[in-house]
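Trainee: The numbering of the sequence shown is the numbering used here, which starts it at 260 and goes up by one. Ideal placement from N, C-alpha and C gives every residue a C-beta, glycine not left out. Predicted model, so just to flag it, every value in this text is computed and none were measured. Handing you a structure now.
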Amino acid sequence: MVKQTRAHVARLDLDKRQSAVLGGQAHTARALWNLLHELTTFRQGRLASLKECDAAIRQGRHEIEWMGQLPAQAAQAVLKTYRQAWANFFNPDHPAKRPTLKGRFRSRMAVDVPQARDLQITRINRRWGAVNLPKVGRVRFRWTKDLPGVTKGGPSGRITGARLVKQAHGWNIVFRTEPLVSAPVPHTGPKAGMDRGITVPLALSNGEHLRHGPWLTSGQSERLLRLERKSARQRATREKGNPVSNRERRTYDQIARLRATAKRRAVDWQHQTTTDLARRFSVIVVEDLKITNMMASASGTVQEPGVNVAQKRGLNRSIAGQAWGRTVELLTYKTAGRGGLVAKVRPHGTSQECHRCHTTTPGSRETQSRFACKNLACGWIGNADTNAARNQLHRYNSAAGWAVTGRGDSGIPGPVKRQASCPTVSPAPALRAAA
Numbered sequence: 260m261v262k263q264t265r266a267h268v269a270r271l272d273l274d275k276r277q278s279a280v281l282g283g284q285a286h287t288a289r290a291l292w293n294l295l296h297e298l299t300t301f302r303q304g305r306l307a308s309l310k311e312c313d314a315a316i317r318q319g320r321h322e323i324e325w326m327g328q329l330p331a332q333a334a335q336a337v338l339k340t341y342r343q344a345w346a347n348f349f350n351p352d353h354p355a356k357r358p359t360l361k362g363r364f365r366s367r368m369a370v371d372v373p374q375a376r377d378l379q380i381t382r383i384n385r386r387w388g389a390v391n392l393p394k395v396g397r398v399r400f401r402w403t404k405d406l407p408g409v410t411k412g413g414p415s416g417r418i419t420g421a422r423l424v425k426q427a428h429g430w431n432i433v434f435r436t437e438p439l440v441s442a443p444v445p446h447t448g449p450k451a452g453m454d455r456g457i458t459v460p461l462a463l464s465n466g467e468h469l470r471h472g473p474w475l476t477s478g479q480s481e482r483l484l485r486l487e488r489k490s491a492r493q494r495a496t497r498e499k500g501n502p503v504s505n506r507e508r509r510t511y512d513q514i515a516r517l518r519a520t521a522k523r524r525a526v527d528w529q530h531q532t533t534t535d536l537a538r539r540f541s542v543i544v545v546e547d548l549k550i551t552n553m554m555a556s557a558s559g560t561v562q563e564p565g566v567n568v569a570q571k572r573g574l575n576r577s578i579a580g581q582a583w584g585r586t587v588e589l590l591t592y593k594t595a596g597r598g599g600l601v602a603k604v605r606p607h608g609t610s611q612e613c614h615r616c617h618t619t620t621p622g623s624r625e626t627q628s629r630f631a632c633k634n635l636a637c638g639w640i641g642n643a644d645t646n647a648a649r650n651q652l653h654r655y656n657s658a659a660g661w662a663v664t665g666r667g668d669s670g671i672p673g674p675v676k677r678q679a680s681c682p683t684v685s686p687a688p689a690l691r692a693a694a
């Protein structure tokens, strides 16, 4: 048996009193974070020690009334998270930025329950379960999946903790679970290259195109547009320095709920699609895209203004809407749990190179969807996205591109040049093991 680390999100069914209590705890946790940040940055010379911060929290809980509404374990979790944020910032291999103060409206409201011993999770019926929350009481949550170690017929394992997070549609509980599953056997299915795009979200090397419809209905899209225009008018008429009115705040909440609906539908499609791909294929090859660099602003500077800024802004929104990184993250753990592998290869030139003759001829990419090889000895004509996916699969099979590990590290030392000038390299250890 193998122990995995998984998270399960469920919707809480709260009344007004319980929602108000959780809101107060979340604001207290945010204020405690800010107090710890002030205590740490006030010294200007060194970070406050863990012992000093813990003593300050204990003293504050006794002397300040509103700090007492946050459970002691949740307060310790805030301290632990804050210390870890600094550790991530000082780690050169971690992309985390410097910890900052958390704003009242821009930060996500959350309360941590570090220990699961007091949750006392039970299943009420087919649709609902119940859980004990500190200083809130017994609360129902939507039962959509059997949790490990809760029901007799459920999976083996245990629940290690939970986190209460407020979303646009209400409060959710995120269970931290450690299920025990059988060790995966090597997947015997075929390999596939997968090209990520905008017009065609996912194109496979076998010719399949995985598409989805709009995340919002026509009525919801029209309502979202009206609300966005309304919020723009409210923001324009508000004098600079004045706080946001209740009506403007209500408009923002309505916009957030519609956008959250679109995101939930997108995540649901990604989960279903990646689960199907992980079941069918043993190896899925994707490009090692630097998505953050691809979405860099084109506005430029005052001395050198950018070109086609509006078009680039729209392209960035489309890339963000497809959530390419989340697709790969979901595929990574799902394929690993089924004995498969997600491999990343060099992305340069996959859209311009012909997968049949492996030459790059100017003008071969005629349109977004049509690829016609201009090499007279080849002349292959087909879909451009399928051609790119086949190039990715070829680079994995021949080890022409570098192999990237799960942490984004290159499996081949030294720089790798582009296209035909790239020397043939031996497969990385990860590729040899998967071959």
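The beta strand (DSSP E) with Asp272 in it runs from where to where?
Mentor: Start and end: 265-272.
Trainee: Hey, out of Ser490, Pro449, Gly420, Asp527, whose CA is closest to His471's CA?
Mentor: Of the listed residues, the one whose Cα sits closest to His471 is Asp527.
Trainee: Give me whichever residues DSSP pairs with Phe400 in a beta bridge.
Mentor: Phe400 pairs with Leu271, Gly388.
Trainee: Can you tell me which residues form a DSSP beta bridge with Trp430?
Mentor: In the DSSP output, where bridge partners are listed per residue, Trp430 has Lys425.
Trainee: Can you confirm whether the segment 581-601 touches the segment 515-535 when touching is taken to mean that 3 or more C-beta pairs between the two stretches lie within less than 8 Å?
Mentor: They touch, by the three-pair rule.
Trainee: Just how far apart, CA to CA, sit Leu406 and Ser628?
Mentor: Taking the straight line joining both Cα atoms gives about 44 Å.
Trainee: Between Arg482 and Trp430, what straight-line distance do the alpha-carbon atoms span, to the nearest angstrom?
Mentor: Each residue's Cα considered, the two are about 24 Å apart.
Trainee: With a cut-off of 8 Å, do at least 3 Cβ pairs link the segment 366-378 to the segment 283-290?
Mentor: Touching, per the Cβ criterion.
Trainee: Do Leu484 and Thr520 have their beta-carbon atoms positioned less than 8 Å apart in this structure?
Mentor: Their beta carbons are not under 8 Å apart, which means Thr520 does not touch Leu484 by this criterion.
Trainee: To which residues of the same chain is Leu306 closer than 7 Å at the C-beta, ignoring the five residues directly before and after it?
Mentor: So the list reads Thr299, Trp345, once near-sequence residues are dropped.
Trainee: Excluding sequence positions up to five away, which residues of its chain have a Cβ less than 7 Å from the Cβ of Thr460?
Mentor: Residue 460 is actually Pro in this sequence, not Thr. Leu469, Arg470, His471, Gln581, listed in sequence order.
Trainee: Put Asp313 into one of helix, strand or coil per three-state DSSP.
Mentor: Three-state result, Asp313: helix.
Trainee: Flag this pair as touching only if the segment 566-581 and the segment 617-633 have three or more C-beta atom pairs under 8 Å; answer yes or no.
Mentor: These segments do not touch.
Trainee: Just curious, the beta strand (DSSP E) that Glu588 is in, first and last residue?
Mentor: No beta strand (DSSP E) contains Glu588, which is instead part of the alpha helix (DSSP H) from 583-596.
Trainee: Give the range of the alpha helix (DSSP H) segment to which Gly478 is assigned.
Mentor: Run containing Gly478: 477-496, per the alpha helix (DSSP H) assignment.
Trainee: Output yes or no for whether 8 Å exceeds the beta carbon distance between Thr436 and His321.
Mentor: Not a contact, by the Cβ cut-off of 8 Å.
Trainee: Got a sec? Which residues, its chain only, sit under 8 Å from Gly596 by beta carbon, not counting five neighbours each side?
Mentor: Answer for Gly596: Gln263, Val440, Pro443, Ala537, listed in chain order.
Trainee: Alpha carbon to alpha carbon, how far is Ser610 from Thr359? Give it in angstroms, no decimals.
Mentor: Cα-Cα distance, rounded: 41 Å.
Trainee: Using the beta-carbon count (16 or more within 10 Å), is Ser464 buried or exposed?
Mentor: The residue in question, Ser464, is buried, as its Cβ has 16 or more Cβ neighbours within 10 Å.
Trainee: Name, in chain order, the residues that DSSP records as bridge partners for Ala369.
Mentor: The partner list for Ala369 (beta bridge, DSSP) reads Val424.
Trainee: Among the candidates Pro606, Arg342, Val433, Ile316, whose CA atom is the shortest distance from the CA of Phe400?
Mentor: With distances taken between Cα atoms, Phe400 lies closest to Val433.
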